[in-house]
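Everything below concerns the one structure shown next.
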């Protein structure tokens, strides 16, 4: 099979090469790989310029544009990098504590490859390896171009009894229609629990529809983590990223959809867990 190199996709030519810098970022400590998971945090990460207690910048971008890549270290594939987009460098921002980041404006150019294009590059250790000249586009090998947005393999379905997934990851799984999760959760109904890791409070719910848990959890993703629950909605109205930062989803009970279980059965099991876990009366998030 013939190798494909990055510039066969980018098509940068002549003097235009001087306008671009290629930036390489290790994955954030939170393991964020997608803008759909936490847009602001990932953008801040790839925009990093200088820590307030450092004399020199982590990375100096002195070109008009940059191409941003993120290391896929989740499978120990340390030389593979995910393309996160083409940006115009329009200045810098300084936080109150003195940290500095670049102001990056996303360009439409190459947008069809964002979070889909994976390249190979053996980065040098240390800050000097955080960027390279765009002249390297002719030697960087393309590993693959995905049909759908990249999803961490670490998000593969763990089994019904082992689900403990943060809302930030659940959003990525559902938005990208990850097959293993969709097939598994569509085949069961049951009782689920949302834990607020900031205070230990719980919300308990049940599913009894055609597409089971998958359909119900899709509703949470489409409502910013609230599922249209009044109490949860009040939390996200005060802080739009509350669910992203604090909600953990799990299953208490699951039943395959071919089993004969009525709506009343699931509601009764939901009420049982509400009583056991004291999720009503102000100690939890259930309000009915």
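Numbering (my numbering), first residue to last: 213 to 500.
Cβ coordinates follow ideal geometry from the N, Cα and C atoms, glycine included.
Everything numeric in this text was worked out from a predicted model, so none of it was measured.
Among all the DSSP beta bridges, which residues are the ones paired with residue i?
i, result
"residue 465", "403"
"residue 357", "329"
"residue 305", "313"
"residue 345", "233"
"residue 292", "332"
"residue 298", "279"
"residue 266", "DSSP output for residue 266 lists no bridge partner at all."
"residue 217", "353"
Residue i by DSSP, collapsed to three states: which one?
i, result
"residue 247", "helix"
"residue 322", "coil"
"residue 284", "coil"
"residue 350", "helix"
"residue 372", "helix"
Just the Cα atoms here: how many angstroms apart are residue i and residue j?
i, j, result
"residue 245", "residue 328", "11 Å"
"residue 470", "residue 361", "32 Å"
"residue 437", "residue 455", "5 Å"
"residue 395", "residue 389", "10 Å"
"residue 412", "residue 448", "17 Å"
"residue 475", "residue 453", "33 Å"
"residue 337", "residue 283", "13 Å"
"residue 268", "residue 310", "13 Å"
"residue 240", "residue 421", "37 Å"
"residue 583", "residue 391", "The structure shown does not extend to residue 583, since the chain is modelled only from 213 through 500, so no value can be given for it."
"residue 414", "residue 489", "8 Å"
"residue 222", "residue 322", "7 Å"
"residue 491", "residue 441", "13 Å"
"residue 264", "residue 432", "38 Å"
"residue 520", "residue 242", "The question about residue 520 has no answer here: the residues shown for the chain are numbered 213 through 500."
"residue 278", "residue 249", "22 Å"
"residue 499", "residue 359", "42 Å"
"residue 443", "residue 497", "6 Å"
"residue 468", "residue 397", "9 Å"
"residue 324", "residue 304", "27 Å"
"residue 345", "residue 369", "40 Å"
"residue 166", "residue 348", "In the structure as shown, the chain begins at 213 and stops at 500. Residue 166 is therefore absent and cannot be evaluated."
"residue 255", "residue 451", "19 Å"
"residue 351", "residue 214", "14 Å"
"residue 539", "residue 446", "Examination of residue 539 is not possible in this model, given that the chain is present from 213 through 500 alone."
What is the C-beta distance between residue i and residue j, in whole angstroms, given that I count them as a contact (C-beta under 8 Å)?
i, j, result
"residue 429", "residue 460", "In fact, because the Cβ distance is near 13 Å, the residues do not count as touching under 8 Å."
"residue 326", "residue 314", "Between residue 314 and residue 326 the Cβ distance is about 18 Å, and since that is not below 8 Å, they are no contact."
"residue 334", "residue 291", "5 Å"
"residue 403", "residue 464", "4 Å"
"residue 356", "residue 312", "About 35 Å; that fails the 8 Å criterion."
"residue 418", "residue 478", "4 Å"
"residue 399", "residue 424", "6 Å"
"residue 462", "residue 375", "5 Å"
"residue 281", "residue 270", "At roughly 15 Å, the Cβ-Cβ gap does not stay under 8 Å, so residue 281 and residue 270 are not in contact."
"residue 217", "residue 354", "7 Å"
Quick check: is the beta carbon of residue i nearer than 9 Å to any beta carbon in chain B?
i, result
"residue 328", "The structure shown has no chain B; it contains just one protein chain."
Would you list, in sequence order, the uninterrupted beta strand (DSSP E) runs of no fewer than 3 residues that lie entirely inside the segment 449 to 496?
Counting only runs of 3 or more, we get 459 to 468.
Along the chain, which unbroken stretches of the alpha helix (DSSP H) at least 4 residues long are found entirely within the segment 377 to 444?
Taken in chain order, the complete alpha helix (DSSP H) segments of 4 residues or longer contained in the segment 377 to 444 are 379 to 387, 391 to 398, 424 to 434.
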